[in-house]
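Numbering (the working numbering), first residue to last: 11 to 756.
Every residue, glycine too, gets a C-beta built ideally from N, C-alpha and C.
Reading through the structure tokens given below for one structure.
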């Protein structure tokens with residue numbers, strides 16, 4: 011058959027013969043059976059049997075009549091037809107044996123192949139809902155009766171997935187108010203199919219609804235008459251009560267009507283899409299996501315206005331199926347104008363909805379309503395669909411389309427369930443997408459926060475560089491002080507180590523009483539060094555204060571920056587360990603210790619020792635004559651006389667005295683080396699004080715920023731977790747969409 015090139019392909023039908031309700035149910039669930047032949051010989055008709063069979067059997071049932079001449083059994087067979095059997099199977103021989111009266115009753119009823127009386131079928135082929143009312147007693151799931159296990163499982167799964175979606179969306183976006191739409195939509199899964207009538211005011215929405223209901227329940231007019239969302243639901247009312255309306259605490263305005271079409275379909279009337287009051291337009295827009303099907307009423311005198319185009323674009327955010335009603339079509343002068351208008355609406359609507367096929371019904375709702383009202387006056391009851399009014403308005407085609415949604419055996423009936431189940435899924439997908447966008451934005455901000463915090467901590471290095479540059483000034487001041495002291499001591503050395511300093515030389519060589527001049531001269535190093543050390547100590551104290559002040563100021567700046575940039579996660583200062591703030595004050599004062607460890611008296615004593623060794627090394631070996639001659643050089647007025655005095659000295663004495671300037675220079679070099687070593691030691695100590703201050707500030711910033719960094723990291727981790735959960739729910743929703751599309755409802 012797969013290789014056949016024939017335009018038509020004929021497949022055999024398989025029937026199974028059953029004799030009880032139990033075997034009928036079992037046979038319908040077995041593979042390969044297209045219909046059942048039910049033999050009544052073994053089982054009599056009763057209500058329990060009827061409910062058992064027609065609630066659980068989804069394939070056609072034909073009553074097998076084999077009791078020849080037994081009119082009672084034949085009448086039971088007719089009852090089976092009334093309850094929904096597809097037909098009778100009877101032989102010609104058996105038919106001859108049936109009385110004329112029984113056969114007459116059979117043909118008077120005129121049963122159709124669907125098992126329903128022709129009285130229950132409109133001549134146009136539309137299903138009368140008075141017949142459908144009897145099925146409401148059956149248990150319904152998601153507004154549908156006679157569902158197979160697979161369909162029931164899909165509905166159960168959908169509810170679970172949607173509840174999970176609601177939880178994760180609320181977790182991802184706690185302030186997303188649209189979640190209430192999804193909550194409402196999930197709660198309405200078990201409600202009847204929801205048909206929303208939308209369109210501009212004065213397009214005839216209320217008239218269309220009244221025509222569908224067969225009575226003027228809603229007001230209509232040339233000014234906006236619908237101020238709020240109005241739900242129309244079915245309810246059995248007393249004989250003197252036409253409708254009952256009430257306002258629920260949640261703001262819904264609900265009218266209960268006895269109209270048969272509302273048995274399996276709730277109709278919702280909405281304010282116009284072009285009303286002046288923003289609140290009314292917002293009500294309509296907010297209701298769109300909850301509707302299972304939109305019936306868009308367009309006025310023939312102004313098809314597809316700007317507000318209608320904008321509204322249609324909005325509906326596509328929620329992937330809504332839209333059916334168009336071109337109302338007031340009787341305004342057109344001829345069929346050519348009508349076809350031109352239909353083409354215009356279809357082409358433009360197809361572009362707006364990005365659809366290949368657009369369904370448009372041209373009607374005159376007012377004419378249809380008036381004809382129904384006239385017919386109801388004659389019959390004495392309201393008509394939802396009647397064969398007694400004119401079909402010139404083509405309103406019956408719209409009714410046929412809507413009623414086909416209530417018949418599960420039609421393609422529209424199958425689509426009804428898919429649309430019903432897709433409504434909350436579409437809302438969930440859109441909200442999920444919005445939540446994913448928010449989470450991505452939050453993740454980007456969390457990453458930026460974490461990067462900013464890390465950058466803030468690393469910024470301490472920039473502070474260290476700045477302090478390093480500024481500390482050069484402090485070191486220069488210290489070096490200048492050392493250089494000044496060194497210069498003074500070097501000058502003192504040069505002035506002291508002179509041959510003309512007879513009293514000092516005599517003091518060291520002859521070990522005589524120290525003169526007043528020598529005493530004053532030898533006190534000078536101690537005074538110079540003590541004064542210099544005092545100045546250096548003050549300078550370094552200021553240096554340490556500068557380091558502490560810089561750290562304290564920088565620490566406050568970092569803390570204020572953290573609190574300003576992330577006020578939502580301010581870490582209370584009372585929870586910070588006290589030693590954290592001590593870091594800003596902590597300095598080991600290494601440079602001050604260098605000053606304190608330098609003894610002026612020891613340095614002065616060492617200087618005196620060097621002076622003594624210089625004089626002794628020069629004059630100690632000359633003896634009295636040599637020392638006297640050398641003294642002459644310091645007192646004689648001329649160089650000639652000096653030379654004469656030196657001649658008087660021995661050759662050894664001359665050599666010793668000639669080395670005196672070298673000894674003086676050696677002492678000066680030693681003073682310079684000592685000063686240079688002290689400078690290096692002090693510079694290293696000042697640098698270490700600076701390094702320690704920067705390390706302490708860095709430790710302080712790391713400590714005070716840790717709660718913020720932990721919060722940012724935890725937030726990022728949580729967002730990553732939520733993103734995974736959103737992704738998983740999205741995959742489950744996609745699978746659910748596929749399962750819904752693959753449903754075959756009967």
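Item                                                                                                                 : Value
Own chain partners of residue 219 with C-beta closer than 8 Å, once the 5 adjacent residues on each side are dropped : 207, 227, 228, 242, 277, 279
Three-state secondary structure assigned by DSSP to residue 456                                                      : helix
Cβ-Cβ distance between residue 446 and residue 23 below 8 Å                                                          : no
Residue from 368, 347, 435, 671 with nearest C-alpha to residue 328                                                  : 435
Where residue 187 falls: helix, strand or coil (DSSP)                                                                : coil
Beta-carbon proximity check, residue 205 vs residue 303, cutoff 8 Å                                                  : yes
Residue 549 and residue 718 closer than 8 Å at C-beta                                                                : no
Same chain, Cβ closer than 8 Å to residue 677, neighbours up to 5 away in sequence not counted                       : 503, 507, 620, 621, 624
Cβ-based neighbour list, residue 746, same chain, cut-off 8 Å, excluding 5 preceding and 5 following                 : 164, 167, 168, 171, 435
Buried or exposed (CB count within 10 angstroms, at least 16 for buried), residue 144                                : Low per-residue confidence applies at residue 144: pLDDT is 37, beneath 50, and the placement is therefore not dependable, though the value from the model is reported in the following sentence. It is exposed - the Cβ of residue 144 has fewer than 16 other Cβ atoms within 10 Å.
Span separating the alpha-carbon of residue 375 from that of residue 297                                             : 24 Å
Three CB pairs or more closer than 8 Å across the segment 686 to 700 and the segment 449 to 457                      : no
Proximal residues to residue 680 (C-beta, below 8 Å), its chain only, five neighbours per side dropped               : 620
Contact with chain D by residue 701, beta-carbon distance below 8 Å                                                  : Annotation note: the requested chain D is absent from the structure, which comprises a single protein chain.
Alpha-carbon to alpha-carbon, residue 44 and residue 30                                                              : 18 Å
Beta-ladder partner(s) of residue 243, from DSSP                                                                     : 266
Cα-Cα separation between residue 471 and residue 721, rounded to whole angstroms                                     : 24 Å
Same chain, Cβ closer than 7 Å to residue 352, five either side skipped, listed in chain order                       : 336, 370, 372
Beta-carbon proximity of residue 441 to residue 731, cut-off 8 Å                                                     : no
Own chain, CB closer than 8 Å to residue 367, minus 5 neighbours either side, in chain order                         : 360
Environment of residue 216 [buried if 16+ CB atoms lie within 10 Å]                                                  : buried
Distance, residue 691 Cα to residue 536 Cα                                                                           : 21 Å
As assigned by DSSP and simplified to three states, the class of residue 256                                         : strand
Cutoff 7 Å; reference residue 37; Cβ partners in own chain excluding five residues on either side                    : 26, 28, 43, 46
Whole-number beta carbon distance between residue 491 and residue 700, since they are thought to touch under 8 Å     : No, residue 700 and residue 491 are not in contact; Cβ-Cβ is about 18 Å, not under 8 Å.
DSSP-derived helix/strand/coil call for residue 67                                                                   : coil
Candidates 615, 751, 34, 568: closest to residue 421 by CA position                                                  : 751
Per-residue DSSP class, three states only, for residue 211                                                           : coil
Where the alpha helix (DSSP H) containing residue 300 begins and where it ends                                       : Element bounds for residue 300: n/a, residue is neither H nor E.
Where residue 319 falls: helix, strand or coil (DSSP)                                                                : helix
Among 175, 694, 258, nearest to residue 437 - alpha-carbon criterion                                                 : 175
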